[in-house]
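Read top to bottom, the protein sequences are chains A and B. Numbered according to the numbering used here, the first sequence spans residues 75 to 293. Numbered according to the numbering used here, the second sequence spans residues 4 to 306.
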Amino acid sequence: MARAFGITFLGLPRERTLASGTEAPAAVRISLLALAGVAVGLGLFPGLGVRIVAPAVEVLGVVPLETPLPYALIVGDTVLDALYGPVAVLSVCMVVWLLFRVMGRVPVRRGPVWVCGFALQSRMQYSGTSAGETARLFFRSILRTRRVAREIWAQAPYFPQRLSTHAETPHPVEATLYAPVVSTVLRAASAARAIQNGNIRVYLLYVFATLVLLLVGTR
Amino acid sequence: MTDGIVSLLLILVAAPFIRGLIQKAKAFFQMRNGPPLLQPYADLWKLVHKGEVIPEPSTFLFTALPWVNFAATVAATTLVPALGVGQVGPGDAIVFAALLALARFALIVAAFDGTSNFTHMGASREMAIGAVIEPALIGCLAGLAIVGGGSGLGAIAESRHLAGPAAFGPAALMILVALILVAQAESGRVPFDNPDTHLELTMVHEGMLLEHSGRSLALLAYAAQIKQAALIVLTGTLLFPVGWGELLPAALAWIVRVVAIALLFACIETANAKLRILRVPQLLVTATAIAGAGVVVGVTLGG
């Protein structure tokens, strides 16, 4: 989540075309904000969401969880028990704010970013792939990413003329679990299509054959 | 509750000292003088009074998220029992782990907002390490909760206290060994990360802080110290559940535990080089496996 947010919204634009991006119209933002608000609300008061689905769950014969507070899922007696995390975080922030107020203001200014004396360029920024690279290396024995690097050398092995890499992470669950099921179903379906070929004369033949079978059967 | 507040204040006040103590002990083993014991306090004092420089491309999150990081860390600390079983907050081990995860999230996003390639690199590494630490931490705490009964950290500590010598059964010992590894990893010590260096090949946590300055940096640095202190105190309380009841013996036991674990950390740091970053998950997965084995032993054999 940190990666998705950080790469999308923070740092310099990763590609040149993105630099000219403009803010979306208000209607788009409002609908996204509303969804975000619902997500936060359900996070703070999960009991409300449970209440909405409770009747459906009762039909299935499951008794919903009883809690002393209707809007919380945590078994506690007070509002503080249910909302401890946010309350604690906010109150610590208040205390720090008061402390800093007492200590007085300090000057805050904007300054350039330190990149070892070079000018900051957008190609120095981590992209989604590079930010996830450490994690991919950590789990490389599970992920089994295949990568192919294609190099065209001006003078091997120090001066590449062109470099291109291609990486692909297979999905083992998909390949070993879903794929056989899907291919079996598809094969059965294509076999069924041989019968169901859309030719009206063949369909008339089916009707005739069924009629004959029925007549033979009733006799 | 009073116990809990005293414990919390103790951790908040002693956090920089514990950092200084580890540094001093390391310096001693390396035949150096090292910085004074109280140097971390002076550093924080200096940072709080310094002006702040914000990178030009950053957003408001850059200065807002250090607060979230600090506040979430302190909120997690309120759940740590230190003197006896008292804890301030009404949360259990899961809330503790979740608040630490929130602090980590805030830190990583702030690092992405730092816009420097160093902060991004630190963020990338922290995400990867976090993905391995968090299961290990939850595994340890859940294991102790299953073995001891009760999911609150205070309840776990109490059950271990009441168990007496039985608190050191094979299951609990295995989980505690794993917990020491997790405490080291979470507080960014060698062999997982080196808090004393800004060399880009090795840094994780320090890399993320590189663009922060002034009060933001003070908050982030203090939060790291508090997290380390809280984990040391938690490990100590669960490892040696003794000396509770009266305030004086409790405080004495607290000091002995914290100093002992800080010295243990210093010894481990002196004896080991920092791991290559790709080897970090192996050690942490080992910790998770030890904790998991401890849980299996605890459930099947008891204790």
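C-beta: ideal position from N, C-alpha, C; glycine also.
Check: Minimum Cβ-Cβ distance from residue 222 of chain B to chain A less than 9 angstroms; Outcome: yes
Check: Where residue 238 of chain A falls: helix, strand or coil (DSSP); Outcome: strand
Check: Contacts of residue 176 of chain A in chain B (Cβ-Cβ under 9 angstroms); Outcome: Near residue 176 of chain A there are no residues of chain B at all, since even the closest Cβ is about 11 angstroms away, more than 9 angstroms.
Check: CB of residue 195 of chain B within 9 angstroms of CB of residue 132 of chain B, strictly; Outcome: yes
Check: Cα-Cα separation between residue 54 of chain B and residue 225 of chain A, rounded to whole angstroms; Outcome: 49 angstroms
Check: Selection from B:208, B:302, B:40 and B:61 that minimises the alpha carbon distance to residue 87 of chain A; Outcome: B:61
Check: Beta strand (DSSP E) segment containing residue 185 of chain A, residue limits; Outcome: 182–185
Check: Sufficient close CB pairs (3 or more, under 8 angstroms) joining the region 29–45 of chain B to the region 272–282 of chain B; Outcome: yes
Check: CB contact below 9 angstroms: residue 222 of chain A versus chain B; Outcome: no
Check: The alpha helix (DSSP H) enclosing residue 272 of chain B, as first and last residue numbers; Outcome: 250–274
Check: Through-space distance from residue 206 of chain A to residue 218 of chain A, alpha-carbon basis; Outcome: 15 angstroms
Check: Through-space distance from residue 234 of chain A to residue 56 of chain B, alpha-carbon basis; Outcome: 39 angstroms
Check: CB of residue 287 of chain B within 9 angstroms of CB of residue 185 of chain B, strictly; Outcome: yes
Check: Those runs of the alpha helix (DSSP H) which lie wholly inside the region 88–153 of chain B and span at least 4 residues; Outcome: 96–116 and 120–151
Check: Best match in B:111, B:49, B:294 and B:300 for proximity to residue 209 of chain B [C-alpha to C-alpha]; Outcome: B:111
Check: Residue-level contact to chain A via CB, residue 211 of chain B, 9 angstroms cutoff; Outcome: no
Check: Selected residue, minimal CA-CA separation from residue 71 of chain A, among B:217, B:152, B:67 and B:300; Outcome: Nothing in the structure corresponds to residue 71 of chain A, since chain A is present only between 75 and 293.
Check: Simplified DSSP assignment, three categories, for residue 222 of chain A; Outcome: strand
Check: First and last residue of the uninterrupted alpha helix (DSSP H) at residue 58 of chain A; Outcome: Outside the shown range of chain A, which is 75 to 293, sits residue 58 of chain A, and nothing can be said about it.
Check: When A:228, A:223, A:196 and A:232 are compared against residue 238 of chain A, the one with the closest alpha-carbon; Outcome: A:223
Check: Paired residues, beta bridge with residue 233 of chain A - DSSP; Outcome: A:229
Check: 9 angstroms Cβ cutoff met for residue 177 of chain A and residue 91 of chain B; Outcome: no
Check: Supposed contact pair residue 117 of chain B and residue 65 of chain B - C-beta distance, whole angstroms, cut 8 angstroms; Outcome: 7 angstroms
Check: Distance between beta carbons of residue 177 of chain B and residue 77 of chain B, contact taken as under 8 angstroms; Outcome: Incorrect: roughly 31 angstroms between the Cβ atoms, too far for contact.
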